[in-house]
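Report on the following structure.
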Amino acid sequence: MNYKIGIIGNRDAVLGFMALGFSVHEVSSVAEATKELHSMARSQEYGVIFLTEDYAARMEEETARYRDLPLPAIVSIPAPGGSSGYGMNNLRQAVERAVGADILFKNNETAQTENEERK
Amino acid sequence: MAEIRVNPTRMEMKSYQKRYQTARRGHKLLKDKRDELMRQFLDVVREDKALRERVEAALQQVYGGFTVAGAVSNPKMLQEALIYPKKEGSLEVDYRNLMSVNVPVFHLHVHAEGNSDHYNYGMAFTSGELDSALRALNGILEDLLRMAELEKTAQLLAEEIERTRRRVNALEYILMPQYLQIIRSIRMKLDENDRGNTTRLMKVKDMMLQAQMAQNAKAEEEDSDPA
């Protein structure tokens, strides 16, 4: 089955993705973004939905609903003006959830990570 | 720990011993599963982390390019230039079974119209910055999808690991000790019964011996009496 790729975000963030053939949803408020997100997810036509970080950070609860479903994959990408680290933070949370401790971002010594793994 | 009342019989003990063995086997299997899941998970997360760093940096450049392009040309024109996609991307989703967790795998199919450069506008009214920004964006498209795939995989694996870990802990710290406790209490009860039985037998034997001795003594007395 073929899916669409969606992107939600501010106008200046999503404009370029139009040219790639993404299905672009331009929003200007969190409420709008939330509405778009849910209707896109419900339609089941989307495999991946990109969401800019400025919205994703304020839509934690909404995105959490789809976290444990295989589809759609909701991925936060940085908004223009720099990455806020929200995407990385998400990843760190996943690690914490799985391992019980943040072993990947605290330090980059792989040896120690390897040790934790063994336990 | 909540005490569970069971019949202190040999049969009951046998059945609990069997259950304990099953629990131990399950515990070992789940533990192995958890370790392997963890290994896969960390691989995924590491790759995702590197990819995200790269993509985020690249995206900033793309945004910068678009901002410049927006500044040097009319915003309306910019949107007009971009709004009609020359390529249509559709996403095919396969599922991969990773330690019995179904994770999606994304394949991008690009249907390009005509000759396939990725500029979907004429060169006359747009700036060069737009071209390069668009080219850069095109370049990270694959990475973006790979990142989506990895991130989803990481989330699904994290959930599975959490669940498996909980099961392992439940077996290790609740179920198995409980079974052991039950088995021990049955065994003690049985042993106690056994000891009770032995003492009773000894007592009975004692009584019988005494009765015998009394009888013997009486018989002796009777033997010696006429004389």
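Read top to bottom, the protein sequences are chains A and B. Quick note on this note's numbering: the first sequence kicks off at 1 and runs consecutively. Quick note on this note's numbering: the second sequence kicks off at 1 and runs consecutively. Glycine residues also receive a C-beta, built at the ideal position from the N, C-alpha and C atoms.
Under 8 Å between C-beta atoms of residue i and residue j
i, j, result
"V62 (chain B)", "G16 (chain A)", "yes"
"Y173 (chain B)", "Y16 (chain B)", "no"
"G82 (chain A)", "Q60 (chain B)", "yes"
"A58 (chain B)", "A133 (chain B)", "no"
"G9 (chain A)", "A79 (chain A)", "yes"
"D68 (chain A)", "Q155 (chain B)", "yes"
"T34 (chain A)", "E53 (chain A)", "no"
"E56 (chain B)", "G87 (chain A)", "yes"
"K49 (chain B)", "L91 (chain A)", "yes"
"V110 (chain B)", "Y95 (chain B)", "no"
"A23 (chain B)", "L175 (chain B)", "yes"
"V101 (chain B)", "L71 (chain A)", "no"
"E129 (chain B)", "V44 (chain B)", "no"
Beta-carbon separation (whole angstroms), residue i vs residue j, contact threshold 8 Å
i, j, result
"L128 (chain A)", "S28 (chain A)", "Past the edges of chain A, shown from 1 to 119, lies residue 128 (chain A), and the structure says nothing about it."
"R42 (chain A)", "E26 (chain A)", "Incorrect: roughly 19 Å between the Cβ atoms, too far for contact."
"V30 (chain A)", "Y66 (chain A)", "That pair is no contact at about 17 Å."
"M147 (chain B)", "R52 (chain B)", "6 Å"
"A133 (chain A)", "A158 (chain B)", "As displayed, chain A neither begins before 1 nor continues past 119, which places residue 133 (chain A) out of reach and without an answer."
"I183 (chain B)", "R34 (chain B)", "Not confirmed; about 26 Å, so no contact."
"M99 (chain B)", "L37 (chain B)", "5 Å"
"N2 (chain A)", "L91 (chain B)", "6 Å"
"H27 (chain B)", "L209 (chain B)", "Wrong, their Cβ atoms sit about 54 Å apart, outside the cutoff."
Under 7 Å from the C-beta of residue i: neighbouring residues of chain A
i, result
"R25 (chain B)", "Simply none; closest approach about 22 Å."
Contacts that residue i makes with chain B (C-beta to C-beta distance below 9 Å)
i, result
"A89 (chain A)", "In the sequence as displayed, the identity of residue 89 (chain A) is Asn instead of Ala. The premise fails here: N89 (chain A) is roughly 11 Å from chain B at the closest Cβ pair, so nothing lies under 9 Å."
"E98 (chain A)", "Here the sequence assigns Ala to residue 98 (chain A), which means Glu is not the residue at that position. Neighbours of A98 (chain A) on chain B, chain order: L37, M38, F41, L42, V45, A154, L157, A158, E159, E160, I161, E162, R165."
Listed by chain order, chain B residues near residue i by CB distance under 8 Å
i, result
"Y3 (chain A)", "S90, L91, E92, V93"
"R67 (chain A)", "Q155, E159"
Three-state secondary structure (DSSP) of residue i
i, result
"A57 (chain A)", "coil"
"A214 (chain B)", "helix"
"F22 (chain A)", "coil"
"N108 (chain A)", "In this prediction, N108 (chain A) has a pLDDT of 47, which is less than 50 and means its spatial position is unreliable; what the coordinates show is noted afterwards. Reduced to three states, the DSSP call for N108 (chain A) is coil."
"E45 (chain A)", "coil"
"E114 (chain A)", "Residue confidence is low: E114 (chain A) scores 48 on pLDDT, short of 50, so the model does not pin down where it sits. Its coordinate-derived value is still stated next. Of the three classes helix, strand and coil, the one that applies to E114 (chain A) here is helix, per DSSP."
"G101 (chain A)", "What sits at residue 101 (chain A) in the sequence shown is Ala, not Gly. Correct three-state label for A101 (chain A): coil."
"N97 (chain B)", "strand"
"I140 (chain B)", "coil"
"I52 (chain A)", "Note that residue 52 (chain A) is Thr in the sequence shown here, rather than Ile. Three-state result, T52 (chain A): strand."
"S230 (chain B)", "With chain B covering only 1 through 227, there is no way to say anything about residue 230 (chain B)."
"S28 (chain A)", "coil"
"P104 (chain B)", "strand"
"V55 (chain B)", "helix"
"V168 (chain B)", "helix"
"L91 (chain B)", "strand"
Proximity test, Cβ basis, 8 Å: residue i and chain A
i, result
"N97 (chain B)", "no"
"V105 (chain B)", "no"
"A58 (chain B)", "no"
"R52 (chain B)", "yes"
"N102 (chain B)", "yes"
"M202 (chain B)", "no"
"D131 (chain B)", "no"
"L171 (chain B)", "no"
"D194 (chain B)", "no"
"K49 (chain B)", "yes"
"E151 (chain B)", "yes"
Test: residue i CB closer than 8 Å to a CB of chain B
i, result
"I77 (chain A)", "yes"
"S83 (chain A)", "yes"
"A19 (chain A)", "yes"
"L37 (chain A)", "no"
"L15 (chain A)", "yes"
"L51 (chain A)", "no"
"A101 (chain A)", "no"
"A33 (chain A)", "no"
"A56 (chain A)", "no"
Residue i: contacting residues in chain B (beta-carbon distance under 7 Å)
i, result
"V48 (chain A)", "L91, F106, L145, A148"
"R42 (chain A)", "Per Cβ cutoff of 7 Å: no residues; R42 (chain A) is ~17 Å from chain B at best."
"V95 (chain A)", "V45"
Within chain A, the residues that residue i reaches when beta carbons sit closer than 8 Å
i, result
"L141 (chain B)", "L20"
"L134 (chain B)", "G16, A19"
"L137 (chain B)", "G16, F17, A19, L20"
Closer than 9 Å at the beta carbon, the chain A residues around residue i
i, result
"T67 (chain B)", "D12, P80"
Chain C contact for residue i (CB, 8 Å cutoff)
i, result
"V62 (chain B)", "Among the protein chains of the structure shown, namely A and B, there is no chain C."
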